[in-house]
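Take the sequence shown: its position 118, counted from the start at 1, is 118 in UniProt numbering, and no numbers get skipped.
Ideal Cβ placement from N, Cα and C applies to all residues, glycine included.
Below is one structure, written out as structure tokens; the observations come after it.
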Amino acid sequence: MPVYSRKNTNHHYPQQQQQQPPTQEAHSVILVTAGYDHTIRFWEALSGICSRTIQHPDSQVNRLCISPDKRFLAAAGNQHVRLYDINSTNPNPVVSFDGHTANITSVAFHIEGKWMATGSEDGTVKIWDVRAPAIQRNYDHKGPVNDVAIHPNQGEIVSCDQNGSIKIWDLGENCCSYELVPEEDVPVRSVTVASDGSMLVAGNNKGNCYVWRTSSPDFSDLRPTATFSAHSTYLLRTLLSPDTKLLATCSADTTVKIWSTADHKFEPVKTLQGHQRWVWDCAFSADSAYLVTGLILDLSIHLYC
């Protein structure tokens with residue numbers, strides 16, 4: 001459920017003003033959603049108006065990701081990733097990435113959009129060249145993959161699986177350089193990496209969060225920092241805010257919780273309620289001021305600030 005800001009070309013702001021909170025007149029904040037109804041929807045986030053729909057007939061959509069330059073939308077489904085041109089009215093994908101043999105559960109873009117990483121229930125993590133849709137790397141995870149995240153250094157990928165394993169893949173060495181197992185045989189559902197690379201957070205099926213810190217430019221010296229019970233049942237998504245000050249956790253208990261990362265104590269800030277079913281996903285706005293949460297089955301979307 002990615003969120004991006006599309007500037008209105010009728011307005012111009014000097015460079016020094018770009019760090020100010022966007023106004024509705026100056027920016028159009030776009031939210032993109034999809035799920036089991038085989039439809040991708042683009043929403044004007046502030047008005048709640050659906051501005052565009054794209055049919056995805058092949059399968060349900062498991063995960064969405066927008067390229068860093070906001071040109072393309074990657075939709076991960078059953079065995080395929082379809083790449084759509086955001087700025088075009090063409091409803092058909094411009095590129096299709098085929099090679100997985102089961103549901104693709106996660107997708108993430110390289111910071112310059114040159115390649116992307118995917119994880120699948122087929123037990124593999126794959127690296128794809130976006131410019132030529134071919135598999136560049138193929139890593140055997142030894143279990144169904146639930147999530148992938150790219151380290152800000154663009155040289156490491158973090159993934160997690162149903163067997164309870166978190167693996168760090170060194171792209172330079174082309175191997176798994178580190179493996180973490182927070183709890184034996186407890187599936188790890190989600191991983192998130194701080195935008196400055198200083199922290200790794202994972203959440204599992206027991207609702208527990210695990211935090212590791214590092215002072216290195218990579219994950220070669222990860223140190224366990226905190227463990228806490230975020231929810232009493234399945235934790236479905238963990239996400240650090242872009243400014244790294246907050247952590248959001250989504251759960252099967254129908255709530256989303258916000259935690260402060262100050263001093264790495266992870267004190268609760270707020271519990272967001274209102275959903276009637278499992279909350280599968282969330283997304284922060286680029287300025288960390290807004291959080292969007294959503295479900296798959298009842299197409300409910302909530303915007304918090």
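query, result
"Can you tell which of Asp161, Val269, Pro2 has the C-alpha that lies nearest to the C-alpha of Pro68?", "Pro2"
"Per DSSP, which one or two residues make a beta bridge with Trp278?", "BP columns for Trp278 are empty, so no partner."
"Residues bridged to Ile111 by DSSP?", "BP columns for Ile111 are empty, so no partner."
"Taking 8 Å as the threshold (C-beta atoms), are Asp218 and His151 in contact?", "yes"
"Roughly how many whole angstroms lie between the Cα atoms of Ile111 and Leu171?", "15 Å"
"Since His80 sits in a beta bridge, which residues does DSSP pair it with?", "Asp98"
"Taking C-alpha atoms, which residue in Gln276, Gly113, Asp161, Ser177 lies nearest to Ser120?", "Asp161"
"Report yes if the CB atom of Val148 is closer than 8 Å to the CB atom of Val130, and no otherwise.", "no"
"Express the C-alpha separation of Phe228 and Val269 in angstroms, rounding to a whole number.", "14 Å"
"So what's Asp161 in DSSP terms, helix, strand or just coil?", "strand"
"How about Ala248 and Trp278: are their beta carbons less than 8 Å apart?", "no"
"Among Val29, Trp115, Ala262, whose alpha-carbon lies nearest the alpha-carbon of Gly155?", "Trp115"
"So, with DSSP's three-state summary, where would you put Ala287?", "Reading off the sequence shown, one finds Asp at residue 287, where the question assumed Ala. If DSSP states are grouped into helix, strand and coil, Asp287 belongs with coil."
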